[in-house]
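Each remark here refers to the structure printed beneath this line.
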Amino acid sequence: MNIQQKLVVIPLTVMLLVSTVTMLMVEKYLESHLLERNATELTTLAKASLESIKTLESIEAEDQGYIIRAFQRLAENIAHAGDFRMTYIDAKGKVLGDSDIGFDQLIHIENHADRPEIVLALTSGVGISQRFSNTLNDEMLYVAIRSGEAHYTDSTSHLNHPIVARIARSQASIQIAINELRITLFLTGTLSLFAVLILGLLSARTMHKTVQNERFLLEKRVEDRTTEISILQTFGGLLNACSTLKEAGQVMNTVIPKLLPEFKGSISIIKSSRNRLDTVATWGDDDIWVERFAPNECWALRKGHQHLSTDHGIQITCQHWKEEPTEQTLCIPLLAQGETIGVLHFVMSPEIDIDKHQAMSHAIAEQIGLTLANIQLRDNLREQAIRDPLTGLFNRRYMTESLEQCYSRAERTGTSIAIMMIDLDHFKLFNDNFGHDAGDHVLKAVSQVLIDSIRQEDIACRYGGEEFCIVCPSANDQQALLIAERIGKGIRSLELSMNQLSLGTVTTSIGVATYPDHAKTMDEVISIADEALYLAKKNGRDRVEIAPLNIVKKVETIEESISSEDEEPS
Numbered sequence: 001m002n003i004q005q006k007l008v009v010i011p012l013t014v015m016l017l018v019s020t021v022t023m024l025m026v027e028k029y030l031e032s033h034l035l036e037r038n039a040t041e042l043t044t045l046a047k048a049s050l051e052s053i054k055t056l057e058s059i060e061a062e063d064q065g066y067i068i069r070a071f072q073r074l075a076e077n078i079a080h081a082g083d084f085r086m087t088y089i090d091a092k093g094k095v096l097g098d099s100d101i102g103f104d105q106l107i108h109i110e111n112h113a114d115r116p117e118i119v120l121a122l123t124s125g126v127g128i129s130q131r132f133s134n135t136l137n138d139e140m141l142y143v144a145i146r147s148g149e150a151h152y153t154d155s156t157s158h159l160n161h162p163i164v165a166r167i168a169r170s171q172a173s174i175q176i177a178i179n180e181l182r183i184t185l186f187l188t189g190t191l192s193l194f195a196v197l198i199l200g201l202l203s204a205r206t207m208h209k210t211v212q213n214e215r216f217l218l219e220k221r222v223e224d225r226t227t228e229i230s231i232l233q234t235f236g237g238l239l240n241a242c243s244t245l246k247e248a249g250q251v252m253n254t255v256i257p258k259l260l261p262e263f264k265g266s267i268s269i270i271k272s273s274r275n276r277l278d279t280v281a282t283w284g285d286d287d288i289w290v291e292r293f294a295p296n297e298c299w300a301l302r303k304g305h306q307h308l309s310t311d312h313g314i315q316i317t318c319q320h321w322k323e324e325p326t327e328q329t330l331c332i333p334l335l336a337q338g339e340t341i342g343v344l345h346f347v348m349s350p351e352i353d354i355d356k357h358q359a360m361s362h363a364i365a366e367q368i369g370l371t372l373a374n375i376q377l378r379d380n381l382r383e384q385a386i387r388d389p390l391t392g393l394f395n396r397r398y399m400t401e402s403l404e405q406c407y408s409r410a411e412r413t414g415t416s417i418a419i420m421m422i423d424l425d426h427f428k429l430f431n432d433n434f435g436h437d438a439g440d441h442v443l444k445a446v447s448q449v450l451i452d453s454i455r456q457e458d459i460a461c462r463y464g465g466e467e468f469c470i471v472c473p474s475a476n477d478q479q480a481l482l483i484a485e486r487i488g489k490g491i492r493s494l495e496l497s498m499n500q501l502s503l504g505t506v507t508t509s510i511g512v513a514t515y516p517d518h519a520k521t522m523d524e525v526i527s528i529a530d531e532a533l534y535l536a537k538k539n540g541r542d543r544v545e546i547a548p549l550n551i552v553k554k555v556e557t558i559e560e561s562i563s564s565e566d567e568e569p570s
């Protein structure tokens with residue numbers, strides 16, 4: 001039995017049981033009450049009829065037939081007042097008068113001395129009995145009242161005292177009333193059951209519809225939640241696969257609007273200096289976000305936890321907006337390993353209940369915080385792996401990897417690659433005169449000149465000590481010569497000083513070789529460029545030398561000639 005059937009059957013069953021029990025109880029009560037009331041009424045009438053017997057005292061001495069006729073008339077007169085039968089009986093059971101039979105038939109009526117109500121009336125004064133009358137073929141109620149001793153005490157009387165007045169009434173009226181009540185209760189119960197059935201069916205239908213709606217809403221809520229979890233997992237996977245902030249920003253712009261479609265938002269990252277935040281991603285509306293702002297302009301960063309502009313009905317808006325928003329705003333700090341790395345901003349309609357979206361917004365903020373922290377950590381590790389810690393230039397390992405990529409591209413496109421080997425002149429003497437701290441200061445200054453002098457696609461590396469290498473993709477020897485001369489001029493013009501102490505000037509020697517003009521492999525090109533560097537040193541230093549095409553790869557003699565002037569690495 002399903003729930004709809006139960007909603008109909010159970011109330012009907014209960015109603016049927018209640019109706020049946022109620023009908024039986026009412027019927028029993030009414031029957032008892034009517035019988036009691038009928039008996040009381042008949043008792044009152046019987047007592048009243050005994051008072052009428054007093055009028056017969058004056059004629060009791062007359063002929064007996066005349067007295068009996070008087071009782072007969074009295075019985076008939078009293079019976080005319082209602083639907084009952086009036087009978088007068090003497091102490092020996094003789095019927096003196098009966099309203100339902102004629103005077104001539106009185107002598108044929110059997111003696112009533114054995115009637116239960118007569119026996120009770122003669123012994124106790126009142127007798128009541130209910131029995132079926134074969135003569136009348138009906139269920140009758142008999143009430144008999146004995147007259148007082150003061151009535152008919154004359155010894156010359158023709159009557160046997162005391163006199164009993166008996167009134168009988170058919171119980172058919174009571175049964176008719178009970179039957180009418182039973183019919184009324186049955187009709188009422190039937191109508192009630194029918195009403196309960198209709199209400200049960202309507203309730204079942206309404207309940208079924210409500211259950212279906214609730215089930216649909218629940219299934220939709222589960223489906224939406226499952227979709228959100230799936231999108232959130234995909235979001236996390238995509239963020240974890242991002243290697244740069246730009247890629248992460250593109251993922252955020254695409255995925256977050258699907259998770260929170262009613263929200264506009266942006267993400268700002270704290271710079272390493274901790275004095276500024278830069279906006280790296282926006283979605284929904286680009287006209288309300290500022291590109292950068294100070295940390296003290298955001299209440300979420302001040303408080304260390306989320307800030308809702310309309311929290312508790314208090315309108316407190318952050319200051320990092322182009323114009324103060326008319327909608328409510330939510331700022332959530334982005335945390336990773338206990339450190340704040342940025343802020344997630346949301347702007348939404350005032351009608352939106354933010355409590356319903358708290359879990360999702362914080363899950364997004366947590367995922368973004370971890371992802372940005374990982375990207376920053378990877379960037380830092382990558383920078384440490386590929387850059388020289390002193391000069392900030394790429395290291396030799398990165399140069400080797402870059403050369404392989406440049407070589408593949410040049411071989412594929414038929415372009416050339418220029419390699420410049422750079423070495424500072426007399427750097428050992430510089431260290432000896434001013435110390436290694438001053439030498440490090442010079443290396444940093446020279447590295448900055450290299451960065452400022454090369455093209456955007458060129459790669460500047462610290463090769464070792466005071467020796468540097470510049471890789472110039474898609475450049476021939478003449479283009480490399482121009483870059484090298486610009487580098488030499490920039491280094492030569494440096495005004496070096498440290499701790500208010502002038503360090504003088506420094507010059508550099510540069511050797512240039514190109515692929516594929518000088519060699520077919522990058523290792524050979526580097527070696528030839530290094531030979532050209534030694535040639536520049538031999539020819540007087542502070543100059544640029546392009547390796548000749550027929551250069552001999554033997555530099556032992558050159559090395560021996562300038563060994564006394566070679567500088568050791570810093």
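According to our numbering, the residues represented by the sequence shown are 1 to 570, in order. Backbone N, C-alpha and C define an ideal beta-carbon position, used for all residues, glycine too.
Legend entry - Member of Ser273, Met252, Ile270 and Leu308 whose CA lies at the smallest distance from the CA of tryptophan 283: Met252
Inset, instruction - Return yes when the Cβ of serine 447 is within less than 7 Å of the Cβ of isoleucine 487, no when it is not. - result: no
Inset, instruction - Give every residue of the same chain whose Cβ lies closer than 6 Å to the Cβ of leucine 45, excluding the five residues on either side of it in the sequence, and list them in chain order. - result: Ile167
Legend entry - Terminal residues of the alpha helix (DSSP H) in which aspartate 90 lies: Segment: none, aspartate 90 is in no alpha helix (DSSP H) and carries neither H nor E.
Inset, instruction - Give me the Cα-Cα distance between glycine 342 and isoleucine 375, rounded to the nearest whole angstrom. - result: 13 Å
Legend entry - Limits of the alpha helix (DSSP H) - the one that glutamate 345 falls within: The question names glutamate, yet the displayed sequence has histidine at residue 345. Not the alpha helix (DSSP H): histidine 345 falls in the beta strand (DSSP E), residues 339-348.
Inset, instruction - Starting from leucine 141, follow its DSSP beta bridges and name the residues at the other end. - result: Gln130 and Arg169
Legend entry - Rounded Cβ spacing between isoleucine 109 and isoleucine 101 (contact assumed at less than 8 Å): 7 Å
Legend entry - Reduced DSSP secondary structure (H/G/I, E/B, other) of proline 333: strand
Inset, instruction - Give the straight-line distance between the Cα atoms of serine 19 and glycine 189, rounded to the nearest whole angstrom. - result: 6 Å
Legend entry - 4 or more residues per run - each alpha helix (DSSP H) lying fully within the stretch 256-315: 299-303
Legend entry - C-beta contact flag for threonine 279 and glutamate 291 at 7 Å: yes
Inset, instruction - Using 10 angstroms around the beta-carbon of aspartate 98, count the other beta-carbons present and answer buried if the total reaches 16, otherwise exposed. - result: buried
Inset, instruction - Look up tyrosine 515 in the DSSP assignment and give the residues it is bridged to. - result: Ile417
Inset, instruction - Determine the DSSP secondary structure at glycine 97, reduced to helix, strand or coil. - result: strand
Legend entry - the stretch 397-414 contacting the stretch 423-436, beta-carbon criterion three pairs below 8 Å: no
Inset, instruction - Take arginine 387 and list the residues in its own chain whose beta-carbon comes closer than 8 Å to its own, dropping the five residues that flank it on each side. - result: Leu393, Phe394, Asn395 and Tyr398
Legend entry - Under 7 Å between C-beta atoms of leucine 141 and asparagine 77: no
Legend entry - Cut-off 7 Å between Cβ atoms - residues of its own chain near leucine 34, not counting five sequence neighbours on either side: Ile174 and Ala177
Inset, instruction - Can you give me the Cβ contacts of leucine 16 inside the same chain, cut-off strictly under 6 Å, excluding the 5 residues immediately before and after it? - result: none
Legend entry - Nonlocal neighbours in the same chain, by C-beta distance under 6 Å from leucine 535, ignoring five residues either side: Glu545
Inset, instruction - On a CA-only basis, which of Ser230, Gln500 and Thr329 is nearest lysine 264? Give me that one, please. - result: Thr329
Inset, instruction - Using the DSSP secondary-structure output, state which residues sit across from aspartate 423 in a beta bridge. - result: Glu467 and Ser509
Inset, instruction - May I ask which residues mark the beginning and end of the alpha helix (DSSP H) holding glutamate 531? - result: 522-538
Legend entry - Proximal residues to threonine 13 (C-beta, below 6 Å), its chain only, five neighbours per side dropped: none
Inset, instruction - Indicate the three-state DSSP secondary structure (helix, strand or coil) for proline 389 in the structure shown. - result: coil
Inset, instruction - Classify alanine 445 as helix, strand or coil using the three-state DSSP reduction. - result: helix
Inset, instruction - Would you tell me roughly how many angstroms separate the C-alpha atoms of leucine 494 and alanine 445, rounded to the nearest one? - result: 8 Å
Inset, instruction - Give the range of the beta strand (DSSP E) segment to which methionine 502 is assigned. - result: Reading the sequence as shown, one finds serine at residue 502 and not methionine. Looking at the DSSP string, the run of the beta strand (DSSP E) that includes serine 502 is 501-504.
Inset, instruction - Counting only the same chain and skipping the five closest in sequence on each side, list residues whose C-beta sits under 6 Å from that of proline 257. - result: Trp283
Legend entry - Between the CA atoms of arginine 276 and alanine 450 - distance to the nearest angstrom: One detail in the question is off: residue 450 reads as leucine in this sequence, not alanine. Between leucine 450 and arginine 276, the C-alpha separation is close to 29 Å.
Legend entry - alanine 385 burial status per 10 Å Cβ neighbour count (16 or more: buried): exposed
Inset, instruction - Output the distance between the C-alpha atoms of alanine 484 and leucine 424, rounded to the nearest integer angstrom. - result: 13 Å
Legend entry - Cβ neighbours of histidine 370 in the same chain (closer than 6 Å, five flanking residues each side left out): For the sequence presented, residue 370 should be read as leucine rather than histidine. Result list for leucine 370: Ala336, in chain order.
Inset, instruction - Decide if lysine 537 is buried, meaning its Cβ has at least 16 other Cβ atoms within 10 Å, or exposed. - result: buried
Inset, instruction - Taking only the alpha-carbon atoms, compute the straight-line gap between arginine 302 and isoleucine 354 and give it to the nearest angstrom. - result: 21 Å
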